[in-house]
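Quick note, this note's numbering runs 9 ahead of the 1-based positions in the sequence shown.
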Amino acid sequence: MNDLYRLEGLDRVREIIEGAAPVAAVDLPAGTPKAEEGEEPTPQVDEEAAGGWLEPLHFCTVETPKIGAALLPVWLGDYTKAVADSTQTPPGLSVMFALATVAACLQRRFEVSPYGDDYAEPVSLWTVTALDPGNRKTAVRNAFTGVLSDWERDELHRMGSEIKKIKHRRDVAMKTIDQLKAKAAKQAESAGCGEIFRLIDQTENEMPDELIAPRLWTDDITPERLQALLMEHGERMALLSDEGGIFEVMAGLYSSGRANLNVFLQGHAGAAVRVDRQGRSVTLQRPALTFGLTVQPDVISQLAQGNKARFRGNGTLARFLYCLPKSTIGKRDVTKRAPVPESVRAAYIAGIKGLFAISPKQDEKGRECPRILTLAGDALPAWQAFSQYIEDNQGPNGEFFHFQDWTSKLPGAALRVAGLLHVVEHGAEVSAIGMGTMERALNLCELLIVHARAAFDLMADDESLDDAKAVLAWIKAKGQGEFRKNDVYKENRRFRTGGRLDKALTILTERNMISEPCKRKTSGRPLVLYAVNPELLK
């Protein structure tokens, strides 16, 4: 039945349950004392009638597999493992931040074209890792982004004097233009007005372009500010954060629910998007946006609810690679000190600097264009086999049907990951991705399928499901084969209305955890009782 639920959903399970023999109510056995007026007798359920139980459909408790640092090559894998060991955090947290950091450096510089034609995947990546507070998420983020911050600070220092010089020249030019415009307004009908306009045009043409120190990443942003940063920094930007506030921004919490998601979505796809800024319309030709987020599980559970409900329909949630690792809290050794070895740290810093130092390629017209990575040898058939496996399991009877929006993007994500790992290991000069790199990418993506299933199960939670889980916990704590509805109501303060409890009990019935309600006549009010599936009490 678990398989039936996963493949065909609760509607199909409900059909089977409704077609099965219900748990029958019976008269009390001989010798049972009669209840006094208004008193409920001890409930007893006919064991013979309850003997045809179907397998209970347990609530999803997906055991997510470990995502190890060994999936990453050379210096990146070494540093990722060292950070996880040093912080005593799940390695999956470091793996996802490592990938996002590399993507921040390489996005818009490379694309992966499996067939060498017009289909190509950019290497921007969206990752989100969910862990409870106290898991040292900030420490891990800082370990990976520190080199980016240092480089940005060094560039600002190097360019500082030139930035100030150009700013002063622009300020003077703009003030001159304002003065000329005011003068022209006073002399609108005079012959000298044409000369004034000529001077305005000349001043505008001679005014230097604004010089801005380069930035690779930010940790908080609005759609409007993202548009500006993309325009200012070569159409690429990364959001690397240990908080989930960006989801509130994307949902429009701070803009009356009218946030423009287009710039985010197109930044993942690398598709052109038109933006309006300072009264003029500008087209971002190939925007590149990377996310590297760590959030609390509650943030994940709310991603398909309320003002975020549209995230599922517009493909936002399908773009993220989810990691829900097991927490190490309670298992850490507080006496252990394992700092990252200096040689490992130095290799990481040198490696990352080498990545963001890769200059953009230019086409025959002098325009920036990405370097194209292809698949060599067995890498292509391996990726094709993986893609076919995903496709075969996305139909109504497939194991990926309920999150097919996410799995449909996974083959493309595998190409993105493979492209990142390839450049980390082989640099910019080798254009063909080999089988070893593709194996790493596909192994990671197979693990991420389980993590994504857990994430989407979290998103599916609602009040009724939480209530059902609470009733199930109460049933197991009681350890009895039957129970009164009234007892559930009295002993669980969360149920202020009978209707809310009824919804929870219906869910448990649909999952074959308890029987249909049985009413038994008494001298007082009718007794409502439920039988418990014996499998739950083992």
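Note that beta-carbon positions come from the ideal geometry of N, C-alpha and C, so glycine has one too. Small disclaimer: the values here were computed from a predicted structure and weren't measured.
Closest option to residue 365, judged by alpha-carbon separation, among 480, 429, 385, 497: 429. The beta carbons of residue 260 and residue 276 sit no closer together than 8 angstroms. A check of alpha carbon separations from residue 314 across 511, 257, 385 identifies 257 as the nearest.
Short of 7 angstroms from the beta carbon of residue 509, and not among the five residues preceding or following it, lie these beta carbons of its own chain, in chain order: 476. Annotation: the continuous beta strand (DSSP E) that includes residue 528 extends over 527 to 529. Here residue 374 is exposed. Its C-beta has fewer than 16 other C-beta atoms within 10 Å. Rounded to whole angstroms, the Cβ separation of residue 309 and residue 139 is 5 angstroms, and the two are in contact under 8 angstroms. Around the beta carbon of residue 432, 16 or more other beta carbons lie within 10 angstroms, which makes this residue buried. At a Cβ-Cβ threshold of 8 angstroms, residue 150 and residue 106 count as neighbours.
A distance below 6 angstroms between beta-carbons, with the five flanking residues on each side excluded, links residue 395 to the following residues of its chain, in chain order: 451.
Close CB contacts of residue 488 within its chain, under the 8 angstroms cut and outside five residues either way in sequence, are with 546 (chain order). Apart from the 5 residues on each side of it in sequence, residue 178 sits with its Cβ closer than 8 angstroms to the Cβ of 216, 217 in its chain, given in chain order.
Fewer than three pairs of CB atoms, one per stretch, sit closer than 8 angstroms, so the stretch 175 to 195 makes no contact with the stretch 332 to 342. Non-local C-beta neighbours of residue 302 in its own chain, meaning closer than 6 angstroms and more than five positions away in sequence, comprise 137, 250, ordered along the chain.
When 195, 209, 165, 193 are compared, the shortest CA-CA separation from residue 225 is found for 165.
Taking all protein chains shown into account, residue 291 has fewer than 16 neighbouring C-beta atoms within 10 Å of its C-beta and is therefore exposed. Contact between the stretch 203 to 214 and the stretch 346 to 359 is not established, with fewer than three Cβ pairs separated by less than 8 angstroms. If you look at residue 539, you'll find it in the beta strand (DSSP E) that goes 536 to 540.
Within the stretch 269 to 340, the beta strand (DSSP E) runs of at least 3 residues that lie entirely inside it are, in chain order, 282 to 286, 289 to 293, 297 to 304, 330 to 332. Put simply, the backbone Cα of residue 418 is about 28 angstroms away from that of residue 93. In its chain, beyond the 5 residues on either side, 121, 421, 424, 425 have a beta carbon closer than 6 angstroms to the beta carbon of residue 130.
Straight across, the Cα-Cα distance linking residue 346 with residue 91 is about 12 angstroms.
In the assembly as shown, residue 486 is an exposed residue. Its beta-carbon has fewer than 16 other beta-carbons within 10 Å.
Relative to the Cα of residue 219, the nearest Cα in the group 455, 254, 169 belongs to 169.
The DSSP-derived three-state label of residue 137 is strand.
Of 544, 158, 335, 462, the smallest CA-CA separation from residue 223 is found for 158. If you draw a 10 Å sphere on the C-beta of residue 466, you find 16 or more other C-beta atoms in it, and that means buried.
231 is the residue among 231, 312, 305 whose C-alpha sits nearest the C-alpha of residue 273.
In the structure shown, residue 192 falls within a helical segment according to DSSP collapsed to helix, strand and coil.
At the C-beta level, residue 460 and residue 312 stay beyond 8 angstroms of one another. For the 8 angstroms CB-CB criterion, residue 406 and residue 66 do not form a contact. Residue 141 counts as exposed, since fewer than 16 other beta carbons sit within 10 angstroms of its beta carbon. For residue 444, the enclosing alpha helix (DSSP H) starts and ends at 444 to 468. Listed in chain order, the non-local C-beta contacts of residue 103 below 7 angstroms within the same chain comprise 78, 89, 92, 93, 149, local neighbours out to five positions each way being set aside.
With 16 or more other Cβ atoms from the protein chains shown falling within 10 Å of its own Cβ, residue 409 counts as buried.
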